[in-house]
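Colleague:
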Amino acid sequence: MSGWSGQVEDELTLLLKDWLKQQGRTQADLRRSLQAVSTRMPALLEVLEREHRLGGIPRVAARLCEIEAEWVGTNALSQSDNQKDADPFSQLDLLLQEIRDDCGS
Numbered sequence: 650m651s652g653w654s655g656q657v658e659d660e661l662t663l664l665l666k667d668w669l670k671q672q673g674r675t676q677a678d679l680r681r682s683l684q685a686v687s688t689r690m691p692a693l694l695e696v697l698e699r700e701h702r703l704g705g706i707p708r709v710a711a712r713l714c715e716i717e718a719e720w721v722g723t724n725a726l727s728q729s730d731n732q733k734d735a736d737p738f739s740q741l742d743l744l745l746q747e748i749r750d751d752c753g754s
């Protein structure tokens, strides 16, 4: 297992910045997911360095994959909520169902 070095930090910094951009996320989002003390890159890297000490790059990669899965789940939920809100007929559907229920009883 290779050790933590300045080169690892530099490469991980570039990777994180690209990854966040592709995910449409910010360092603040990553800070929340990592439970870091700050949104600044050194604080984020400090948390990832602890992960590295516990299991190397595979552990860091696994942690980032967990975060991405969490974000994808959050996006799916918010998109589902937005679709409900975006349906202008949803209230009409509820009213129609109530009318049917009243007529059927």
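Numbering-wise (the numbering used here), the sequence shown opens with residue 650 and increments by one.
We put the beta carbon where it would ideally sit given N, CA and C, even for glycine.
1. For Ala-685, is the classification buried or exposed, using 16 other Cβ atoms within 10 angstroms of its Cβ as the cut-off for buried?
2. Are the Cβ atoms of Glu-698 and Trp-668 separated by less than 7 Å?
3. Helix, strand or coil for Ser-687? Go by DSSP, reduced to three states.
4. What's the call for Val-768, buried or exposed, on a 16-neighbour Cβ count within 10 Å?
5. Which residue's Cα is closest to the Cα of Thr-675: Ile-748, Asp-750 and Trp-720?
6. By the DSSP assignment, the alpha helix (DSSP H) with Thr-662 in it spans what residues?
7. Give the DSSP-derived three-state secondary structure of Gly-652 in the structure shown.
8. If you count every other CB in all the chains shown that lies within 10 Å of the CB of Arg-689, and 16 or more means buried, which is it?
Modeller: Based on what the coordinates show:
1. buried
2. Not closer than 7 Å, so no.
3. coil
4. Nothing about residue 768 can be reported from this structure: the residues present for the chain run from 650 to 754 only.
5. For the options Ile-748, Asp-750 and Trp-720, the alpha carbon positioned closest to that of Thr-675 is the one of Trp-720.
6. In this chain, the alpha helix (DSSP H) harbouring Thr-662 covers 655 to 672.
7. coil
8. exposed
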